[in-house]
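Asks: Be aware that the sequence shown starts at 640, since it is given in this note's numbering, and climbs by one per residue.
Backbone N, C-alpha and C define an ideal beta-carbon position, used for all residues, glycine too.
Model, not experiment: these values are computed from the prediction.
Below you'll find the structure I mean.
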Amino acid sequence: MLLTLALAGSVVGGAHAATVSADAAPADQFMAALAGHCGQAFAGRVVANQPASSTPDPFEGKELVMHVRGCDTPTRELRVPFHVGQDHSRTWVLTRTDDGLRLKHDHRHEDGSSDAVTMYGGETADAGTAVRQAFPVDAESVATFQREGLSGSVQNTWAMEILPKQRFVYELSRPDGRLFRVEFDLTTPVALPPAPWGSEGA
Numbered sequence: 640m641l642l643t644l645a646l647a648g649s650v651v652g653g654a655h656a657a658t659v660s661a662d663a664a665p666a667d668q669f670m671a672a673l674a675g676h677c678g679q680a681f682a683g684r685v686v687a688n689q690p691a692s693s694t695p696d697p698f699e700g701k702e703l704v705m706h707v708r709g710c711d712t713p714t715r716e717l718r719v720p721f722h723v724g725q726d727h728s729r730t731w732v733l734t735r736t737d738d739g740l741r742l743k744h745d746h747r748h749e750d751g752s753s754d755a756v757t758m759y760g761g762e763t764a765d766a767g768t769a770v771r772q773a774f775p776v777d778a779e780s781v782a783t784f785q786r787e788g789l790s791g792s793v794q795n796t797w798a799m800e801i802l803p804k805q806r807f808v809y810e811l812s813r814p815d816g817r818l819f820r821v822e823f824d825l826t827t828p829v830a831l832p833p834a835p836w837g838s839e840g841a
């Protein structure tokens with residue numbers, strides 16, 4: 640049995656199709672589910688952010704939008720900018736590896752230059768499912784966090800969940816009880832945001 644997903648190419652434009660067998664690896668099913676929304680943007684809301692911070696929350700009161708783009712080779716890599724109000728610095732980079740999936744966070748300044756803390760993330764430690772994939776922090780990211788004095792982040796685990804045409808979730812958790820989740824409504828596409836900082840085109 641084959642699952643056929645219509646993909647809207649965000650760079651080359653037009654519709655094309657990708658097929659994924661029903662017994663494909665969970666990583667491939669997950670990528671195909673997300674790629675099925677290529678070229679679309681969706682609004683989100685914070686559904687968990689604990690414990691409460693004593694400093695100003697950069698997400699509070701801001702419009703949150705994800706945009707599935709970077710779909711030239713959707714079975715191998717997808718790029719999903721995460722826009723927070725007028726802050727266009729964040730892009731999730733999801734890559735198929737030999738063993739599963741890799742998630743990296745590409746952080747840029749408005750002039751396109753890389754932030755001091757960028758391209759951090761991790762790789763899946765197990766097969767996960769077609770709905771949920773988790774990414775424990777990798778050694779390279781731990782070194783970056785330690786160098787930048789972000790000791791709390793050395794135990795990060797990120798996760799993503801998708802129910803096609805229903806919802807997408809981005810999550811950060813730590814053993815100390817830190818939990819941050821943003822849920823995006825995939826039922827209703829919104830206007831496309833600007834290109835993320837450091838990227839060309841829409």
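Any idea what DSSP makes of A782, helix, strand or coil?
Replies: Reading the sequence shown from its first residue, position 143 is the one you call residue 782. It is helical.
Asks: Within 10 Å of its beta-carbon, does H748 have 16 or more other beta-carbons around it, so buried, or fewer, so exposed?
Replies: Residue numbering aside, residue 748 sits at position 109 when the sequence shown is read from its first letter. Exposed, by the Cβ-count rule.
Asks: Apart from the five residues on each side of it in sequence, which residues of its chain come closer than 6 angstroms, Cβ to Cβ, to F823?
Replies: Indexing the sequence shown from 1 puts residue 823 at position 184. Once the five neighbours on either side are set aside, the close Cβ partners of F823 are F681, G683, M705, F807.
Asks: Do you know offhand how far A666's Cα is from G678's?
Replies: In the sequence shown, residue 666 corresponds to position 27, counting from 1. In the sequence shown, residue 678 corresponds to position 39, counting from 1. Computed Cα separation, rounded: 21 angstroms.
Asks: Can you tell me which of the three DSSP states S792 falls into?
Replies: Here residue 792 refers to the residue found at position 153 of the sequence shown. Reduced to three states, the DSSP call for S792 is helix.
Asks: For a cutoff of 7 angstroms on Cβ pairs, would you count P814 as touching chain C?
Replies: Checking the listed chains, one finds no chain C in this structure; it contains a single protein chain.
Asks: Three-state secondary structure (DSSP) at M670?
Replies: In the sequence shown, residue 670 corresponds to position 31, counting from 1. It is helical.
Asks: Taking C-beta to C-beta, are Q668 and A769 nearer than 7 angstroms?
Replies: Residue numbering aside, residue 668 sits at position 29 when the sequence shown is read from its first letter. Residue numbering aside, residue 769 sits at position 130 when the sequence shown is read from its first letter. Against a cut-off of 7 angstroms, the Cβ pair of A769 and Q668 comes out as a contact.
Asks: Closer than 8 angstroms is the cut-off here; do at least three beta carbon pairs connect the segment 790-810 with the segment 820-837?
Replies: Because the criterion of three Cβ pairs below 8 angstroms is met, the segment 790-810 and the segment 820-837 touch.
Asks: Let me know if D662 comes out buried or exposed under the rule of 16 or more other beta-carbons within 10 Å of its beta-carbon.
Replies: Against the sequence shown, residue 662 aligns to sequence position 23. Flag for D662 reads exposed.
Asks: So is E810 buried or exposed if we call it buried at 16+ other beta carbons inside 10 Å?
Replies: As a first step, residue 810 is located in the sequence shown; it is residue number 171 there, counting from the start. E810 should be labelled buried.
Asks: Going by other Cβ atoms of all chains shown within 10 Å of its Cβ, with 16 needed for buried, is A766 buried or exposed?
Replies: Position 127 of the sequence shown, counted from the first residue, corresponds to residue 766. With fewer than 16 Cβ atoms within 10 Å of its Cβ, A766 is classed as exposed.
Asks: Could you tell me if A830 is buried or exposed, where buried requires 16 or more neighbouring beta carbons within 10 angstroms of its beta carbon?
Replies: Position 191 of the sequence shown holds residue 830. It is exposed - the Cβ of A830 has fewer than 16 other Cβ atoms within 10 Å.
Asks: Please identify the residue among F721, P832, E702, N795 whose C-alpha is closest to the C-alpha of P775.
Replies: On the sequence shown, residue 775 is found 136 positions in, with the first residue counted as 1. P775 has its Cα closest to that of N795, out of F721, P832, E702, N795.
Asks: What residue from D745, A674, E699, D726 has the CA that sits closest to D711's CA?
Replies: In the sequence shown, counting from the first residue as 1, residue 711 sits at position 72. Checked all of D745, A674, E699, D726; the closest Cα to D711 is A674.
Asks: Out of W797, Y759, D750, which has the shortest C-alpha to C-alpha gap to Q843?
Replies: A query on residue 843 cannot be resolved here, the shown segment of the chain reaching from 640 to 841 and no further.
Asks: Between which two residues does the beta strand (DSSP E) harbouring A773 extend?
Replies: Position 134 of the sequence shown, counting from 1, holds the residue named residue 773. It spans 771-775 - the beta strand (DSSP E) in which A773 sits, taken as one unbroken run.
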